[in-house]
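2 protein chains.
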Amino acid sequence: MATVINQELTRVDGGVTAARGFQAAGLHCGIKAARPDLALVVSDTLAAAAGVFTTNVVKAAPVLVSMEAIQSGAAQAVLVNSGNANACTGAQGLADAREMAALTAQALGIAAEFVLLASTGVIGIPLPMAAVRAGIPQLPARLSPDGTPAHEAILTTDAFAKTAAVRLSLKGAPVTIGGMAKGAGMIHPQMATTLCVITTDAAVPAPLLRRALRQAADQTFNCISVDGDTSTNDTIFVLANGRAGHAPLAEGDPELDAFAAALTEVAGDLARMVVRDGEGATKLITVTVRGARSAADAKRAVHAVMTSPLVKTAIYGGEPNWGRILAAVGRSGARFHPERAAITIAGVQVVSAGMGVPASMPAAAEAMKEPAYEIVVGLGEGDAAATGWTCDLNEAYVKINAGYLT
Amino acid sequence: MATVINQELTRVDGGVTAARGFQAAGLHCGIKAARPDLALVVSDTLAAAAGVFTTNVVKAAPVLVSMEAIQSGAAQAVLVNSGNANACTGAQGLADAREMAALTAQALGIAAEFVLLASTGVIGIPLPMAAVRAGIPQLPARLSPDGTPAHEAILTTDAFAKTAAVRLSLKGAPVTIGGMAKGAGMIHPQMATTLCVITTDAAVPAPLLRRALRQAADQTFNCISVDGDTSTNDTIFVLANGRAGHAPLAEGDPELDAFAAALTEVAGDLARMVVRDGEGATKLITVTVRGARSAADAKRAVHAVMTSPLVKTAIYGGEPNWGRILAAVGRSGARFHPERAAITIAGVQVVSAGMGVPASMPAAAEAMKEPAYEIVVGLGEGDAAATGWTCDLNEAYVKINAGYLT
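Going down the list, the protein sequences come from chains C and F.
The numbering used here puts the first residue of the first sequence at 1, with every later residue one more than the last.
The numbering used here puts the first residue of the second sequence at 1001, with every later residue one more than the last.
In structure tokens form, the structure reads like this:
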């Protein structure tokens, strides 16, 4: 199935193996009780690579190892395990992560420095290395252009696998960018991680790939919020193996923007799936702030609205509580004059010139029954805007995270 | 009933009218359907006055009027209404607030500039001024040294009235500081406000009173968190009428510290009552971070822990999920080395040198059954510390704030 997004971009199937020269595998090695828990993505050839990692001071061992490895700007394989985050595991955790990279390299016949790692699952428990050691050697024989086993093996409490891919033309060649992600909007005890692996057959030198990934992450994974907690393991990788055959993109190429936009599209699809996949989450809400004095102000305001428990419970309850939205923007640090503010909820204007529009309340409440809608705050101060995605806060979140369903 | 806190400080009854020369009144004027909704606190003589107001850019009309009035450093009366916040009400709201001050001044025979205002309740609905106009003139005749009617009239969804008072000796004279507050830990739709009125018969010039109030607020009301949302109406007033008869405190007096400490004690008692009074809140948690490099780092870390939905749901579930606490500190911006971190929950050490202490999990889970306990995070970086108070996050919060109980 292919959907044309615009003249330049077409959505296609295939996820992390949609691009030429990428294969993947997934299996159950025994970190989890029964479900798949080990995934491998491999490029036929050495690829340019870039990564974005958690900003948390507390970084899991695989994050530390991968941050080091990716400095070369080249990688050929990504090994992901679910069921154990290998975080807060000290020197043993670091040794375990390095051994995982070495075992993967050995199984593939490549150098360990070209293996990237990501882990997700419980914190503070040593990895069951016997299971990992038994599992890794079985992966190469299972590599195939079907990404499904890998998509499944990286999940924790996710209700569904998350994949996306787009096709575009770069310098006359058809190029594909695809990826897989894990992360449930409303997250399990000690399993708060978002992981994302993106692959492309475009030819993009590592420094430009790094910049494009940062841009894409800033507009997608850095703009979603479920509960404001940042994991010890959050990771996004992108590998570009150049198999599309076009002349490599270079600084100043107009095609760089098209590539970055397509990468943002894939990352955005995956990020929004993470928000939508909350156990119990009933709404996918786009929060946009316009008319801010600066991009920083717009981002601050978006962040305050999309992380406010009062706003998120009102969304769950279907109540057009614009006072909570305005109050959240008011405490965000964004500079504005309340008497100029306007708010629309799901297309219905509920605040004009800083005051409520009582007549529109019934229409707003009705529109809030939709599973997905947008909240737009206009500040009337300038030209800057920002957008983010969030979900509602409801009893299921409390139940799951209080742990009494485990 | 009087409880000796330490050699210098004794807890006494009487709340906002415990200090000499203060009287209060409360009544139902019709802003709410049936419960008391109008309160007045009056000093026999003009008093030094200071205030702390919401930092929200969106400020209610009574906040704007009181911020102006308090610049003189003098006040004689505080009028508080519940049931309507007079916020996001535009020019009409400002006119209504000014009229409330004028009516109160007229009823008391004082100047309107010496009347302070605070409001709490729904946002965005004009005040029912007919009810207010009928109510205010009835207040002076009801003034009495019994603060109870006032304590009751400022409440919204609070489950209980909040009062506190202490006695100490300043320059040889017995001095009393007392106060009342409103604010339910888990807050009602559009009724998120914390209000606090403190009175004292100490003689403290306005600039010193202002400084002492800021110190007290920084260590109490600015250290509590229920859901991270800051109201449009948050206000703390302190009035000092000098009726204790001692020589006024002056810059450099050693007694200034004793006064500030006593004021902090009263504000702290009231602030902790606000946290404990959540509809459905089952735990009062003290969060302390020690060994930080700076006070700012310690505060950042405390704030991240006490506002983390993952930490707060784990507290509700009674699970010693130290990974969530460490991850919250890790994303707080505080500088530290995870491998030096230590965490105790309710006196049980669950993290040492950045890693879990598995053997202590059962004891920690058992201790977390207590209704109130402390979480202490040691960073091992320096000498700075900070403390805050929070409560658990549970289904009742969602139910109440989703609005389907209204």
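Where a beta carbon is used, it is the ideal one built from N, C-alpha and C, also for glycine.
Keep in mind it's a predicted model, so treat the numbers as computed, not measured.
Minimum Cβ-Cβ distance from residue i to chain F less than 9 Å
i, result
"C:Lys399", "yes"
"C:Met355", "yes"
"C:Glu339", "yes"
"C:Lys299", "no"
"C:Ala327", "yes"
"C:Leu284", "no"
"C:Thr432", "Since the first residue shown for chain C is 1 and the last is 406, residue 432 of chain C is missing from the structure and cannot be characterised."
"C:Arg335", "yes"
"C:Ile198", "no"
"C:Cys88", "yes"
"C:Ala150", "no"
"C:Lys182", "no"
"C:Gln190", "Here C:Gln190 scores only 48 on pLDDT, less than 50, and its place in the model is too uncertain to base an answer on."
"C:Thr120", "no"
"C:Gly323", "yes"
"C:Val57", "yes"
"C:Ser360", "no"
Cβ neighbours of residue i in the same chain (closer than 6 Å, five flanking residues each side left out)
i, result
"C:Pro124", "Position check: residue 124 of chain C holds Gly in this sequence, whereas Pro was assumed. Excluding positions up to five away in sequence, the list reads Cys88."
"C:Asp269", "Ala164"
"F:Gly1245", "Ala1173"
"F:Gly1030", "Ala1131"
"F:Gly1183", "Thr1194, Val1274"
"F:Lys1032", "Gly1083"
"C:Glu319", "none"
Rounded distance between the beta-carbons of residue j and residue i, thought under 8 Å
i, j, result
"C:Ala202", "C:Leu170", "6 Å"
"F:Pro1062", "F:Ala1118", "6 Å"
"F:Val1266", "F:Gly1179", "5 Å"
"C:Lys162", "C:Ala181", "4 Å"
"F:Ala1034", "F:Ala1074", "Not quite, the Cβ-Cβ distance comes to about 36 Å (not below 8 Å), so this is no contact."
"F:Val1350", "F:Trp1322", "4 Å"
"C:Val42", "C:Phe237", "At roughly 13 Å, the Cβ-Cβ gap does not stay under 8 Å, so C:Val42 and C:Phe237 are not in contact."
"C:Val287", "C:Val305", "5 Å"
"F:Leu1209", "F:Leu1009", "Contact flag wrong, Cβ pair sits at about 18 Å."
Backbone secondary structure at residue i - three-state DSSP
i, result
"C:Thr235", "strand"
"C:Ile123", "coil"
"F:Ile1110", "coil"
"F:Pro1320", "coil"
"C:Ile67", "A quick correction: the sequence has Met, not Ile, at residue 67 of chain C. C:Met67 falls in the helix class under three-state DSSP."
"F:Leu1155", "coil"
"C:Phe259", "helix"
"C:His188", "Confidence in C:His188 is poor, its pLDDT being 48 and thus under 50, which makes the residue's placement too unreliable to answer from."
"F:Lys1059", "coil"
"F:Cys1223", "helix"
"C:Ala412", "Only positions 1 to 406 of chain C appear in this structure, which leaves residue 412 of chain C out of reach."
"F:Gly1179", "strand"
"F:Ala1346", "coil"
"F:Asp1146", "coil"
"F:Ser1072", "helix"
Where residue i falls, given that 16 or more other Cβ within 10 Å makes a residue buried
i, result
"C:Lys369", "exposed"
"C:His337", "exposed"
"C:Gly354", "buried"
"F:Glu1068", "exposed"
"F:Gly1014", "buried"
"F:Ala1384", "buried"
"F:Ser1066", "buried"
"F:Glu1339", "exposed"
"F:Asp1044", "exposed"
Within-9 Å CB hit, residue i to chain C
i, result
"F:Glu1319", "yes"
"F:Glu1395", "yes"
"F:Trp1389", "no"
"F:Lys1369", "no"
"F:Ile1031", "no"
"F:Pro1309", "yes"
"F:Ile1375", "no"
"F:Gly1124", "yes"
"F:Tyr1404", "A caution first: F:Tyr1404 carries a pLDDT of 48, below 50, which makes its placement in the model unreliable, though a value can still be read off. Closer than 9 Å: yes."
Residue i: CB within 8 Å of a non-hydrogen atom of the ligand NAD
i, result
"C:Thr54", "Looking at this structure, you won't find the ligand NAD or any other ligand, since it has none at all."
Own chain, CB closer than 8 Å to residue i, minus 5 neighbours either side, in chain order
i, result
"C:Thr264", "Gln215, Ala216, Gln219, Thr220"
Residues near residue i by beta carbon distance below 7 Å, same chain, minus five either side
i, result
"F:His1188", "Note that F:His1188 has pLDDT 47, beneath the 50 cutoff, so the model's placement of it is unreliable and the number below is only indicative. Answer for F:His1188: Thr1156, Thr1157, Ile1400, listed in chain order."
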